[in-house]
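Okay, so here's the structure we're looking at.
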DNA sequence: CTGTAAACTGAAAAACATTTTCATTTTTCA
DNA sequence: TGAAAAATGAAAATGTTTTTCAGTTTACAG
Ligand SMILES: [Mn+2]
Ligand SMILES: [Mn+2]
Ligand SMILES: [Zn+2]
Ligand SMILES: [Zn+2]
């Protein structure tokens, strides 16, 4: 997903095409792994020095609502954002957190690269939990951690 | 799990039995759902008014290391803590986040009560992710959201 | 093109959350 | 019971997110 495709999505949704947003989206597309708001501010300022942190927060909120990025919760530092994969966004496969389409990530414990994956087939687990606890499960949230191919090689 | 059992675990692990810790543990056991550090400070001060927030953070960190509480990441407000279930702690079922035994919670979207559940049988999903992405998956993290039995009744 | 209304921006301040520091108090244990 | 070690909490430092607001930029109708 290029940053101008992302801009198109924003304008299609009725948002303006501004310099600040282009800078942020460029930064987001260029970033290797998930990036925190502070990370994105720094990277965005390389493109548009006047960029403000408030705009980073506001734009990420919009992007998240549109399903273009996902907020990851990490052990360290908590929130980071990662672009969502086109294929998965299109799929509309909603076991979703609160009714929104959702995806899940594997995150490298070494280099922190994150990759979205398709097909979280956990209906059996959900059924078991509903039976065990009496809860009506409406959504779930799953993250995996490990080593990416590159870091596996370096390891050995 | 009573609070004095928790104190026993602490002393067994070499930590002192202090008034501040007893107050915090009482508060934790009494709390209905997951509680934030600020929540626990307030509840703990009902028992020991001098209790400080720093001690709340420090004690939660210890309890988490011992596997007695788990840190939940929620959409709103981020970190909260919930006692872990005895049965699950004993089980030593470690698909674990970083090698530690782990458990998962279902959280009520209405009243925020959290219940730990056993048996996250997602080996097939893990295998598929490893195959899809090339990552070597070492641990995972799963939360479910829905309605607890009580809130389901109220709903209808 | 232009002019205008609506949308957006970023500085600053406020509101929160977490961590560090350090002098004092409490606990443990010989 | 006394000394050493561990733990405490106030205060300050650090970090993150939200709110406000006056000024700027963008979109778009004319
Ligand atoms: Mn989180
Ligand atoms: Mn598991
Ligand atoms: Zn890696
Ligand atoms: Zn409920």
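Chains as they are written, first to last, in our numbering: chain A, 1 to 156; chain B, 1001 to 1156. We put the CB at the ideal spot given by N, CA and C, even for glycine. Just so you know, these numbers come straight off a predicted model, no measurement behind them.
Residue i, DSSP secondary structure in three states
i                       : result
residue 4 of chain A    : helix
residue 166 of chain A  : The requested residue 166 of chain A does not occur in the structure, where chain A is confined to residues 1 to 156.
residue 1126 of chain B : helix
residue 1116 of chain B : strand
residue 1142 of chain B : strand
residue 1068 of chain B : coil
residue 1050 of chain B : coil
residue 133 of chain A  : helix
residue 156 of chain A  : coil
residue 1015 of chain B : coil
residue 32 of chain A   : coil
residue 1062 of chain B : helix
Alpha-carbon spacing of residue i relative to residue j, whole angstroms
i                       : j                       : result
residue 157 of chain A  : residue 1019 of chain B : As displayed, chain A neither begins before 1 nor continues past 156, which places residue 157 of chain A out of reach and without an answer.
residue 50 of chain A   : residue 23 of chain A   : 10 Å
residue 1005 of chain B : residue 1135 of chain B : 41 Å
residue 43 of chain A   : residue 113 of chain A  : 17 Å
residue 1010 of chain B : residue 1035 of chain B : 20 Å
residue 1017 of chain B : residue 1058 of chain B : 14 Å
residue 952 of chain B  : residue 1002 of chain B : Residue 952 of chain B cannot be examined here, being either before or after the span of chain B that is shown, 1001 to 1156.
residue 1107 of chain B : residue 1148 of chain B : 8 Å
residue 60 of chain A   : residue 31 of chain A   : 14 Å
residue 128 of chain A  : residue 1115 of chain B : 13 Å
residue 1014 of chain B : residue 1065 of chain B : 13 Å
residue 138 of chain A  : residue 1109 of chain B : 9 Å
residue 1141 of chain B : residue 1104 of chain B : 7 Å
residue 160 of chain A  : residue 1025 of chain B : Residue 160 of chain A lies beyond the stretch modelled for chain A, which goes from 1 to 156, so this question has no answer here.
residue 118 of chain A  : residue 1052 of chain B : 45 Å
residue 1156 of chain B : residue 131 of chain A  : 20 Å
residue 146 of chain A  : residue 1048 of chain B : 43 Å
residue 1055 of chain B : residue 12 of chain A   : 51 Å
residue 1084 of chain B : residue 1120 of chain B : 15 Å
residue 78 of chain A   : residue 1078 of chain B : 8 Å
residue 80 of chain A   : residue 70 of chain A   : 8 Å
residue 38 of chain A   : residue 1154 of chain B : 42 Å
residue 150 of chain A  : residue 33 of chain A   : 13 Å
residue 1021 of chain B : residue 1076 of chain B : 27 Å
residue 133 of chain A  : residue 124 of chain A  : 14 Å
residue 969 of chain B  : residue 1045 of chain B : As displayed, chain B neither begins before 1001 nor continues past 1156, which places residue 969 of chain B out of reach and without an answer.
residue 82 of chain A   : residue 1152 of chain B : 34 Å
Distance between beta carbons of residue j and residue i, contact taken as under 8 Å
i                       : j                      : result
residue 72 of chain A   : residue 143 of chain A : 7 Å
residue 40 of chain A   : residue 28 of chain A  : 6 Å
residue 1122 of chain B : residue 122 of chain A : 6 Å
To be precise: take each residue of the segment 58 to 84 of chain A, compare its Cβ to all Cβ atoms of chain B, and keep it if any distance is under 7 Å. Which residues remain? 73 and 78
Listed in chain order, which residues of the segment 119 to 144 of chain A have Cβ atoms closer than 9 Å to some Cβ of chain B? 119, 120, 121, 122, 124, 125, 126, 128, 129, 130, 132, 133, 134, 135, 136, 137, 138, 139, 140, 141, 142, 143 and 144
Could you run through the segment 1106 to 1118 of chain B and flag, in chain order, every residue whose CB is less than 8 Å away from some CB of chain A? 1106, 1108, 1109, 1115, 1117 and 1118
Where the segment 1034 to 1052 of chain B meets chain A: residues whose CB sits under 7 Å from a CB there: Legend: CB atoms of the segment 1034 to 1052 of chain B lying less than 7 Å from CB atoms of chain A are not found in any residue.
Please list the residues of the segment 1002 to 1014 of chain B that have a C-beta atom closer than 9 Å to any C-beta atom in chain A, keeping them in chain order. Within the segment 1002 to 1014 of chain B, contact with chain A at the beta-carbon level (separation under 9 Å) is assigned to no residue.
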